[in-house]
Amino acid sequence: MNEIVILLVEDEASLANFISEELRFEGYEVLYAADGEQALTLYEENQERITMLLLDWMLPKYDGITVARRIRRTSQVPIIMMTARDQLTDKVVGLDAGTDDYITKPFEIEELLARIRVVVRRAAQAQTQAMVYHYSNLTLDLAKRVVERFEERIQLTQKEFELLAELIKRPEEVLTRDELLNAVWGYDYFGQTNVVDVYIRSLRNKMDYDADQRLIQTVRGVGYVLREKS
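Residue 137 in full-length UniProt numbering sits at position 137 of the sequence shown, with consecutive numbering throughout.
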């Protein structure tokens, strides 16, 4: 079983210490951030390891909603929001920001641990079910890093693979250049703005060289979509 790493983001030191101790007692590894800015930095540095976030709403620098929205630009890592806000409208705002669950303070630690188990289990099931993607005559295997079209393997660079993965995860949905840039290169990328177009052209040369069977379609002024040519 892979180690479960939880990023705890909570500015109230006593509560953070209590939760951290309980999580470690349960066998979880805990990373800790006391404000939203530190949370984003820690997440960027450890995102390959982090299993889920426990995220307070009211935080210094960036609040929990801002942190959740920024992380959701590039990741579907599970997030449980912790807050003293208990109105229905607050819960809707939290869920709309991309959180997976919502727990109101004060809470019993047993309830929090139960919610963590549910969210982690759900994420693990989703990850297992979605390792191989198929669309038309195209197959992409995330675990093996393999792409095939017409049952022939296509050799892609890392960025080409990641870009195609974003498209095949959401087939027939138009993705903007900014969405693709954020997902593959990160929201803090400061290189050439046409990098997405360059890599799309490279992908087409490798897998879409037959214009009549092209799968990567351009939506002018918007972005790209994986769709069979009509």
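We put the CB at the ideal spot given by N, CA and C, even for glycine.
> What are the partner residues of Asp101, as DSSP defines its beta bridges?
Replying inline: Position 101 of the sequence shown, counted from the first residue, corresponds to residue 101. DSSP lists Ile80 as partners of Asp101.
>> Could you check whether the stretch 57 to 71 touches the stretch 97 to 114, counting it as contact only if at least three pairs of C-beta atoms, one from each stretch, sit closer than 8 Å?
In response: yes
>> Does Ala16 pass the burial test, meaning 16 or more other C-beta atoms within 10 Å, or should it be called exposed?
In response: Sequence index remark: in the sequence shown, residue 16 carries index 16 (1-based). Buried is the call here.
> When DSSP labels each residue in this structure, what does Ile4 get in the three-state scheme?
Replying inline: Numbered from its first residue, the sequence shown carries residue 4 at position 4. Ile4 falls in the coil class under three-state DSSP.
> Which partner residues of Val219 appear in the DSSP bridge assignment?
Replying inline: Counting from one through the sequence shown, the residue named residue 219 turns up at place 219. DSSP, once it has assigned bridges, lists Gly223 as partnering Val219.
> Applying the criterion that 16 or more other CB atoms from any shown protein chain within 10 Å of the CB defines a buried residue, is Met1 buried or exposed?
Replying inline: By 1-based counting over the sequence shown, the position of residue 1 is 1. At Met1 the pLDDT is 44, less than 50, meaning the model places this residue with poor confidence and gives no usable figure here.
> What runs of the alpha helix (DSSP H), each 4 residues or longer, lie entirely inside the stretch 32 to 79?
Replying inline: 36 to 46 and 64 to 72
>> For a quick check, are the C-beta atoms of Met52 and Val9 less than 8 Å apart?
In response: Here the question's residue 52 lines up with position 52 in the sequence shown. Here the question's residue 9 lines up with position 9 in the sequence shown. Not closer than 8 Å, so no.
> For Glu148, which residues does DSSP report across the bridge?
Replying inline: Position 148 of the sequence shown holds residue 148. Bridge partners of Glu148: Thr139 and Arg153.
> I think residue 244 touches Tyr224, with their Cβ atoms under 8 Å apart; what is that distance to the nearest whole Å?
Replying inline: Absent from the model: residue 244. The displayed extent of the chain is 1 to 230, so no value can be given.
>> Between Val195, Ile79 and Pro171, which has its C-alpha nearest Asn182's C-alpha?
In response: Stepping through the sequence shown from its first residue, residue 182 is reached at position 182. Among Val195, Ile79 and Pro171, the Cα nearest to that of Asn182 belongs to Val195.
> What is the residue span of the alpha helix (DSSP H) that Tyr28 lies within?
Replying inline: Stepping through the sequence shown from its first residue, residue 28 is reached at position 28. Taken as a continuous stretch (DSSP letters only), Tyr28 belongs to no alpha helix (DSSP H), as it is neither H nor E.
> Residues bridged to Val132 by DSSP?
Replying inline: Locating residue 132 in the sequence shown gives position 132, where the first residue counts as 1. Val132 is bridged to Asp141.
> Between which two residues does the alpha helix (DSSP H) containing Glu162 stretch?
Replying inline: To locate residue 162, count along the sequence shown from 1; it is residue 162. Start and end: Gln158 to Lys169.
> Taking C-alpha atoms, which residue in Val184, Arg227 and Pro78 lies nearest to Val5?
Replying inline: Residue mapping note: residue 5 aligns to position 5 of the sequence shown, counting from 1. For Val5, the nearest C-alpha among the options comes from Pro78.
>> Check for me: the alpha helix (DSSP H) holding Tyr199 runs from which residue to which?
In response: Locating residue 199 in the sequence shown gives position 199, where the first residue counts as 1. Residues Val195 to Met207.
> Per the contact definition of three or more C-beta pairs closer than 8 Å, is the stretch 163 to 181 in contact with the stretch 60 to 69?
Replying inline: no
> Alpha carbon to alpha carbon, what distance is there between Met58 and Met131?
Replying inline: Position 131 of the sequence shown holds residue 131. Position 58 of the sequence shown holds residue 58. Cα-Cα distance, rounded: 35 Å.
>> Here's a check: name, in chain order, each residue in its chain whose Cβ is nearer than 6 Å to the Cβ of Leu156, leaving out the five neighbours to either side.
In response: Residue 156 sits at position 156 when you count from the first residue of the sequence shown. Within the same chain, Leu156 has close Cβ partners Val147.
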